[in-house]
Structures are given as structure tokens and as C-alpha cells.
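For the sequence shown, our numbering begins at 50 and goes up steadily by one. Glycine included, C-beta positions come from ideal geometry on N, C-alpha and C.
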Amino acid sequence: GGDFPIQVRLSGQEYVPDGLTLAETREIARCLERAGVSAISVSAGNWQTLHYIMAPMFMPKGYLVEDAAAIKSAVRIPIIAVGRLHDVEVAERVLQEGKADLIAVGRGLIADPEWAKKAIENRVEDIRPCISCNYCVDFVSRALEARCTVNAELGEEFIFQIRPARQRKRILIIGGGPAGLEAARVTAERGHEVWLFEKEGRLGGKLHVSAAAPSKTEIHRFTTYLTRQIEKHRVRVELGVTLGREELLALHPDVVILATGSVPAIPPLPGVDLPMVAVAEDVLLDRVSVGPHVVIVGGGGTGCDVAEYLLHRGHEITILELLSHIGRGVEAITRRWLYYEFKKAGVQLLMRHRIARIEEGRAVALDERDQEVILPCDSVVLAMGYRPSDEMAFCLEEDFPVPVYRIGDCVRPGTILDAVTQGAHLAAKL
């Protein structure tokens, strides 16, 4: 019928040379209003600027609000603002300031389908935060079922459900990284008595490593959420504690969950023990200092994190990578952004190169023809992956009187998504 509401989504501007401008979009909006359109949703970007369409975590919250306000001032019909507005406080401020009439939340509802309900009930701290990692987008773009780094229930709502436990158990969790924290959250929510032991002085584990790069600080929000949730559910937390077999037995557990994580993989390279060599994790956590010119061995996600981290501190960077591209394991939009940012910053990207040896003041690499490439440098940072920290499993799994499970990196090093999924799925079954 003639009163059927029609909403149009527009790109406010495309952020490329000779692309659509905000002034042009204001005129288009007026034309649409005259044609009878009911509302306009204001997005941005095009194929060249995908990070404006599906913004990764390095884009500011509400980065398109001013574009929406500019369109709103040109028309009388409702304007819908989009673009990392899944923080309740930010979304509310946009409405209160009159910069839009409605707020569109997409990925925030993937992370927590009860986003609006919790906001209405003033339970903002209970909202599972979307960290804009874009893995949901990445999976769908590869014709796979959508998955979410922070929400293990996504796509499995009828299979994976958090129900009260039939029998209350004492569950001991060793390791306070993403897998251990999520397992603690879900087991405690189900009504179990949960003890969580972490050998470091703070919870979070590899989440702190992942959040160290300037573009990824949003990950800290997920750490905060998990920490608050286990506090809310009265999980007993012991920090700076390392337990052995006998100490665990003395606590009379019904179940033990090992979430002991992983340690950096260090290959037996000539020169790997030189003082100028460091592992990525130590650099990202400020445990070590590096010199002005740094060679990073490994251009995957961790290597890119180190490169970005050091670039912001004024270092000159060379990345060695076996593959033909950097950012293996990084979702496509962020990977492309990183590539252009590194090129603009003068990062030397040596693809299809492998490290051969490290000597004082230089790294020696081999190109795809096995020709030596000499790289003068002050420091070498190894970002060559991780190996499971599974020593404790061998102490417990043999003849231990109660079930022992392993989750997360101590099974196989993977992503935050992998760790959270394993932690949640195991906890839902206990």
C-alpha cells in the first residue's frame, strides 16, 4: 500500500578522492524525502574504504555520527545513526544531543542479543561487549556460519544453552586467560562452586598481549567484562599461585579444568640466545626494551601487533614473513588496513623470506631463491607462534581421581574466539 514504510541506507561520504561527498548526499537525501522515503540510515565508505562500512576496533566509537547529523539537518524525516554505537552511553548521548532520531546496533546484538533489555534495566555492566573484531563479518564473507569472538552461543542457541546444573560441583580452573575466565563465568552461572587459580598477578592472560597494539585496546573491555562477571557470580580467585598435583587433591575437587595457555615458540636458530633477541609477547607487555631498528620474524597477527606497537614508539621496522602476505589469521578488512598503514609508515615487508640465523647487529634471511639477505638491526623480535603449555596435564591426567579437562591454548594455540568457545562449551556440559 501507499503507507508502507521504506527506509534507505546511504553512504554519507565515501572517503576516497572524487568519491561521494557529504554535500552531494544531503541533496540525495532531500530527493528521497520528496519521493516519500520514510527514514534514512547513514553509513559511509565504498569497496576501497571497507573499514568505514564495517568498522574494526581501531575506528572511533560513533565515527559516523557527525555525518548523520549533517544529513538530519537537511531533511525532516527520521535519521538513523550507525557505526560502532554499541556502547549504551555513546548511543544515548547521540540521541540526547539530537544528532539522530534512532540508533542502529548490529554487531553489538551479535555479541549480546539482550543488549537492549539490559540497557533498559540499567544493567550496562552485564552487557557482553562487542569488540569490533569483525570475525563475524569475516566468517560470513567466506561463506561460513557466523561466529563471534565473545559470544560462544552464536548460531548454536538451541544446542548450547546455559542451564542450572543438576548437581553442584566443586570445579577448579587452572589459568585465568580467556578460556579459563569464560569457563569460570559459565560454570559459576550454572551454580557450581568455582575456584580459579592464576599464576600471574592479574587475570586476562593472552588478552593483555592481544590488546597491546594501539588499534586493539578495545579487547580490554572484554577482559573487564569477564572479570566483573566472575566477581558477580562469586568465583573464588587466587592470583600469583602455582598448584601441583598434591595441592589440587587437598582441595577435594569434583572436576579440574586446565586452561594453562601457551608459551612462545622459539626455534633452534643460530644466534637465538643473543641479548638482542626478544619474543613478541615480552615486547608487547613492556618486559623488554628494543633498539631503534627492529627486525620482526613472523608477519602473522602477533607480528603485525608488534610492528604497530613499535611504530607508535618511533622504531624502524622490517618484517620477515614466509607467506606472500602479512596478517595471517587477521580478518580481511583489518589486514588490508594494516598493509596500507605499514606501507605509509615505511615498514619494509619482506614476503617469502625466512630467517636463517641471527648475528650481532644483524639478521640473516633467505629469500625464495635461497639467496642470503643481510638485515642490519639493533633488535630481533620473534613472532613465530606459540606451543601449548601442557606440562601440568601430564602430571594430572594419569590416575587422577577426578575428571581433568583441557581447554584453550594448552590444547592447541588459537584465537580468542577458539579459547572462549572451548571454555563455554565445556562449562555448559559439566
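Could you pull out every residue in the same chain whose Cβ sits closer than 8 Å to the Cβ of Gly410, ignoring the five residues on either side in sequence? Met325, Pro425, Cys426 and Asp427
Short check: CB of Gly240 to CB of Arg217, under 8 Å? Going by C-beta atoms, Gly240 is nearer than 8 Å to Arg217.
Would you identify the three-state DSSP class for Leu256, choosing helix, strand or coil? Assignment of Leu256 by DSSP, reduced to helix, strand and coil, places it in the helix class.
Sequence-distant residues of its chain with Cβ nearer than 8 Å to Gly376 (five each side left out): Gly348, Gly349, Gly350, Cys353, Thr383, Arg384, Leu387 and Tyr388
Just the Cα atoms here: how many angstroms apart are Val460 and Leu475? One alpha carbon belongs to Val460, the other to Leu475, and they sit about 13 Å apart.
So Leu371 packs on Arg403, CB below 8 Å; how close in whole Å? 5 Å
For Val284, which option in Leu297, Ala232, Cys179 and Phe207 has the closest C-alpha, if you only look at C-alpha atoms? Residue Ala232 is the option with its Cα nearest to Val284.
Quick one, are the C-beta atoms of Leu288 and Gly250 less than 8 Å apart? yes
For Val305, which residues does DSSP report across the bridge? Leu221 and Val453
Between the CA atoms of Gly226 and Leu323 - distance to the nearest angstrom: 30 Å
Hey, how far is the Cα of Arg79 from the Cα of Val86? 10 Å
Among Ile223, Lys110, Arg133 and Ala149, the one whose alpha carbon lies nearest that of Ala123: Ala149
Considering only C-alpha positions, which residue in the set Pro213, Gly224 and Ile128 is nearest to Thr236? Out of Pro213, Gly224 and Ile128, Pro213 has the C-alpha closest to the C-alpha of Thr236.
Provide the residue span of the alpha helix (DSSP H) that contains Val186, from first to last. Run containing Val186: Tyr184 to Ser190, per the alpha helix (DSSP H) assignment.
Rounded separation between Val429 and Thr272 - CA only: Their Cα atoms are separated by approximately 30 Å.
State yes or no: is the C-beta of Arg125 within less than 8 Å of the C-beta of Lys110? no
Out of Ile208, Pro178 and Ala160, which has the shortest C-alpha to C-alpha gap to Ala195? Ala160
Got a sec? Which residues, its chain only, sit under 8 Å from Arg378 by beta carbon, not counting five neighbours each side? The sequence given here places Gly at residue 378; Arg does not occur at that position. Cβ neighbours of Gly378 beyond the five flanking positions: Gly349, Gly350 and Thr464.
Where the beta strand (DSSP E) through Arg79 begins and ends: Segment Leu71 to Arg83 is the alpha helix (DSSP H) holding Arg79; no beta strand (DSSP E) there.
Strictly by DSSP, which residues pair up with Val344? The partner list for Val344 (beta bridge, DSSP) reads Thr367 and Val429.
Measuring straight from C-alpha to C-alpha, what distance separates Ile128 and Leu81? 12 Å
Determine the burial state of Asn183: buried for a count of at least 16 other Cβ atoms within 10 Å of its Cβ, exposed for fewer. Asn183 comes out buried.
Residue environment, Lys392, which counts as buried when at least 16 other CB atoms sit within 10 Å: Exposed is the call here.
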